[in-house]
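The structure appears below as structure tokens.
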Amino acid sequence: MMRRREGRDPSVGGPLGEFWLDVYQGVGEVRRVRIGDAPLRIGRTQACDVVVGGAGVSRLHCEIRRSGAELRLLNHSSTKAGTLVNGVRVTGERPLAPGDEVGVGQAVLVVGTGSGGLDQESVAADDARAPARGGGLPSRAAGAAPPAPSDAKGSDGASSPPPRPGSAREAARALAARKRLERRLGRTAGWVSAVLVSCGSTYAVLKLVGASGRPVASAGAQSSRPHVAVEPPAPAADGRPATAQARSGEPGDADEAWARLRLLSPDALPEGLAAFAESYPDDPRGDDALFFAEQLRARARNAGDRRLGAALDALVAEARRLARQGDRAGAHAVCALVEALRPGSSQQAAARELRLRLRREAEAAVRELEGRARALSVRLGPVQAILLVLEEQSKLRGLGQDERIDALVDALERQVAERAATRGEPAAPLSPEATTVAQRGIAAALRFDFATAWKELDALLLLSLDDEARLRAHWLRRQVRGLERLLAAGLAAAQGPAEDRPELTLAGSLRARLVRFDGEEVVLSPVVAKGSGVVRLRRGRLTPAQAQELFAKLGADDWPLAQAKAFHALRTGLEERAMRILIPFARRRRLRSEVFSFYALAAEVPLPRGGFVVFEGRLVDPAEKARVLAERREAREAARALARAAREAKGRKALERLLASAVALMDRGHYAAGREALARLVARHADVPDVGEAARARLEGPMLRRRDVRVVLGRGRNGPSANRLDIYFFGDGYVLDDRKQVLFDRAADGAVRACQAQDFFREYDSYINYWAVNLASAEEGLSKDGERKDTALGTEVNGGVYTVGPGRERMLRLLERWWPGEHDRLAVSVGNDYASVATGGGGAVAVAKTMVSVTPHELGHAFGGLADEYEQEPGPNPGPPRPHRGPPRVVGPNVVAAEDEAAARAAAPWKAWFDARGPGNWTGKPIGVFEGAHRQRKGYWRPQRACVMRDAGAPFCAVCMEVMVRALYRRVHPIDRAWPEGAELEAERGVLTFRVLVLKPATHALFVHWRRETLERFPDGPTADEDPLENGEGEGTRARRAAPLPIPQDERVVDVSGKLQVIEGNYVHYIKVRPGELAPGRYRISAEVWDPTPWVRDSKRVLRQERAWTLTVPRR
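Numbering that gives the first Met the number 0 puts the first residue of the sequence shown at 0, with every later residue one more than the last.
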């Protein structure tokens, strides 16, 4: 009896006849997934059985279903790339067969049968750098088979051991290396594909160098004995596949199993023969079956080696060609690919020699670049030198010189920062587009999302910028580099002694130490007396104050780290903390000028000629310090005078004057002194009507003062509220302290400046009143993420999103309480805290003091009812995409939801703007439908490419501008006042002057058209009303009233030429009418005013107002 041969466990790798899916992602990354009875789902979400990342992959891209020995593919993709089978796009459903290649995004999935020979392995270049911006290895798909151990034997008969799994960090490095290789091979991808196709399938090459080292027999491999293997395997009578019955080992089945081997494909035949030998050890054909199985495997391995060797020779030749053409990075990438595919080979040695030579050449090229950059920096400035380095770096990256290039750029950006600092604030601000890009990049860096930050800041440099703007851009990039170094220092400190590790406060008195930060989560260890554990915080849940706590122990004497901490504090609204960081360095004579320059740029304030001075824990302009001290002396003297007067005053008139003086003191910003005077009035004269009650109301309520922002900004005064759009800015989270309230004043002024930087608000500036209302809150800051605070309005921040909540009703109550009839129910809450997202709608806006620049965007929501036009969910934790499905619908006056462009054009409410050209399209840019709006990339359409509703720094698009202007004219009339005030006039002689006071936009004038219309012409002679008996036929008979005379056609309506008179900036149009020159009768005098702005179609009909008078000229 023959001894049973030792074989592989049949449960490993699956029995014969089962189906597998080999998933190829990237270079050398292969996974094997078993196709079972349950549907195999493929997509980019973790809920799928096979997770495939990258562009062009849907959440549920496709699925494979098995029914017996049949496989079918169902396509669910909604992307343009779709699902490919053997290069053909699939729509709906189609069958699959072994060997079919399914394309999903950048991945290829190959269908196979039997147990495979591929294990999961990551191949990385030996010089791959560890850090990588973004990316990560996909997790093993649910239901994926574990790697099958190799049973192939070499010449010595020893089995190849399974690969040793690497650590997560090594896997991340391998993926980063693969991604860089793929990017650098982009220019030679077509050539490499042709080489690999000529030598066999790319995926066959990867199979031949799989982790197990065991080749898979190719379709052309043949054994030394003839056999028939043409027909596909068919189910047996009992419904099981032939390969499964070959493994069953049931008595009497050997002949039947041997016969079924003829039905196997060439790929599955070696495995079938080995399974037969294992299942029937006593059968004399078992030794032959094992012999043929080993022969087939050896032939396949040798054929695969030859094909791979030819392909690698061609790749080495291509690398040499690229090196001769000067593309060192491309040649280096090809060499790294060769080394990764076949280590230890002659091709690997040649590639390594070429790669080392390229590195030496790159080192020499970087030395030359450093010299050229320094010389250019001296001659033309560091900005031009940086442009040179950025232009040349693409040829040198990835050649071992990245650190030297980064150091060179860092040194040049340090020079840029110094030059920008000497100028203080740049003379010209960034363009709207550049402002938006810079804001997005800095916001990402402040939440330590450096991958997004560098993507935005790299895009910033590609924009058209002048020298001043480039100075500012590179200065911002240097600050982001400082934040990166700050985070790296914190992570390094987290590995040191426990007492030196960064700490923060989680809640109440619970402290936690930093353990690590992986880019998405902050891992902390609570500081407790007993026990241990970890706390995980999403990156977006880390507040700026907590981040400052983490870094508090770092950089006590290190100015670069302190500079990064101060920049973070200033840009997140933590000004007091920033001052505590900066002032110690400002006291050092050597660093003083650098600190002053940095503060001027970071806080965006002018740099005084003699520098700042330290005043009450802040860096301030010396002139501001002198002004504040003088005002405080005056306030103290006024308060003492009011106290004396309150003791001596007795009459009601005198007390009313004292009340007005106390309120005036608060209106000048001296809240403590003013409230002290009010308290004295309440204590001594509470029973005086209209005095004690009014004083008590000001003391008990949160309202401190209402300020005309125009006066502060030097733009005149607000006009009468009866015919103005009144915008109120309320402070929330500012306590009753004169210095704390100044922070709100600055934020409110900044919000108004942001509005006046927009064309709409700047052009119609005279139509709008801006009011800032100081409110006293019991606690400083805002309610945040469940932690409640007692503030005047009750607004709150949750997950970085600032919302009004109950503050809307409170603001409206304050408006009705203090200024009834002087508001338009339009209010902005300026919160004293940090938030990453502002909100607006329904007449209320919530903006944090750190992001007042988005106020025009939010007023577009609250005042114009406009919809968002950007494509991504704001905030650190965006949700999944939700493209529109179904019939078209209008989301807002500027956004329509539709599945395709044709449906969007048909449903767009701005169809009248389509194809507008010349003066009709004042933007000069196309108006149509552009996909991407309403926080979604697909299914939502906007009118133009750029708009403030999409980018905070951009102007309003044509459609949104029309909506805003129409909304303004619904609140404000172009005629501000008219004289005479009465509508019915009668005059016989003299001169009557008709006047209209019209509003004046900034750059154009309103049209005023005067008309005189004859309504009735009286006949000559006395009328019946004057002599009722004349011309009668008999005594006592009343005469009939004389009929009106006919009015000549040319006298019915007469245009009258008016005149203009400008009185103290007021535009008064007038005409003079002399009744003595008019025939007796009734006349209608009218002034028609309209706005000829191109921003509104048919403006004469829409933006018009008429004022008319009826003039009666009696019979003479």
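In this text, a Cβ means the ideal position worked out from N, Cα and C, and glycines have one as well.
Quick caveat: nothing in here was measured; it's all calculated off a predicted structure.
According to DSSP, G730 shares a beta bridge with V829.
K1071: member of the beta strand (DSSP E) spanning N1065 to V1072, first to last residue.
When the alpha-carbon of L996 is set against those of N920, R941, N722 and R305, the nearest one is in N722.
If you draw a straight line from the Cα of D666 to the Cα of P381, it is about 49 Å long. Nearest C-alpha to P819 among F447, S720, T802 and K783: S720. Using a Cβ distance threshold of 7 Å, Y801 and A753 do not count as a contacting pair. Excluding sequence positions up to five before and after L1059, its CB lies within less than 6 Å of the CB of H1068, all in the same chain and listed in chain order. When C-beta atoms of the region 1090-1108 are compared with those of the region 964-982, three or more pairs fall below 8 Å, so the two segments count as touching. Going by DSSP, S592 is part of no beta strand (DSSP E) but of the alpha helix (DSSP H) stretching over R591 to A602. Per DSSP, reduced to three states, the secondary structure at L272 is helical. In the pairwise beta carbon analysis, the region 824-837 is classified as touching the region 793-809: at least three pairs are separated by under 8 Å. Per DSSP, reduced to three states, the secondary structure at Y766 is helical.
Per DSSP, F913 is not a residue of any alpha helix (DSSP H), being assigned neither H nor E. E412 places its beta carbon less than 7 Å from that of H473.
No Cβ-Cβ contact shorter than 7 Å links L39 with L108.
Per DSSP, the beta bridge partners of H1008 are E1087.
Taking all protein chains in view, the Cβ of E338 is crowded by 16 or more other Cβ atoms within 10 Å, so the residue is classified as buried. Take the alpha-carbon of A468 and the one of A442: they are about 19 Å apart. The shortest C-alpha to C-alpha distance from A330 to any of S344, L340 and V315 is the one to V315. Looking from the CA of F993, the closest CA among A671, A1086, R1115 and V619 belongs to A1086. Of the residues D707, L573, E779 and G715, the one whose Cα lies closest to the Cα of Y733 is E779.
With a 10 Å radius around the Cβ and a threshold of 16 neighbouring Cβ atoms, S278 comes out buried. Counting along the chain, the unbroken beta strand (DSSP E) around P525 starts and ends at E520 to P525. If you draw a straight line from the Cα of G52 to the Cα of L295, it is about 36 Å long.
Look at M948 here: in three-state DSSP terms it is coil, with no helix or strand label. Judged by beta-carbon spacing, Y766 lies within the 7 Å limit of L998, meaning their Cβ atoms are closer than that value. Only residues of its own chain outside the window of five on either side were considered, and among them L407 have a CB closer than 6 Å to the CB of E369, listed in chain order. Beta bridge pairing from DSSP links E786 with K783.
Taking a C-beta distance under 7 Å as the contact criterion, L569 and L560 do not qualify as a contact pair.
Within the same chain, and ignoring the five residues on either side of G1057 in sequence, the residues whose Cβ sits closer than 7 Å to its Cβ are V1007, W1009, H1068, Y1069 and I1070. Beta-bridge pairing by DSSP links V50 to G42. For the pair A696 and E675, the Cα-to-Cα distance works out to about 14 Å.
Distances from the CA of G799 to each of V56, S835, A599 and M578 were compared; the closest alpha carbon is that of S835. According to the DSSP assignment, G749 belongs to the alpha helix (DSSP H) that extends over D737 to Q755. The region 280-294 and the region 317-337 do not touch, with fewer than three beta-carbon pairs separated by less than 8 Å. Within a 10 Å sphere around the beta-carbon of W940 sit 16 or more other beta-carbons, which makes this residue buried.
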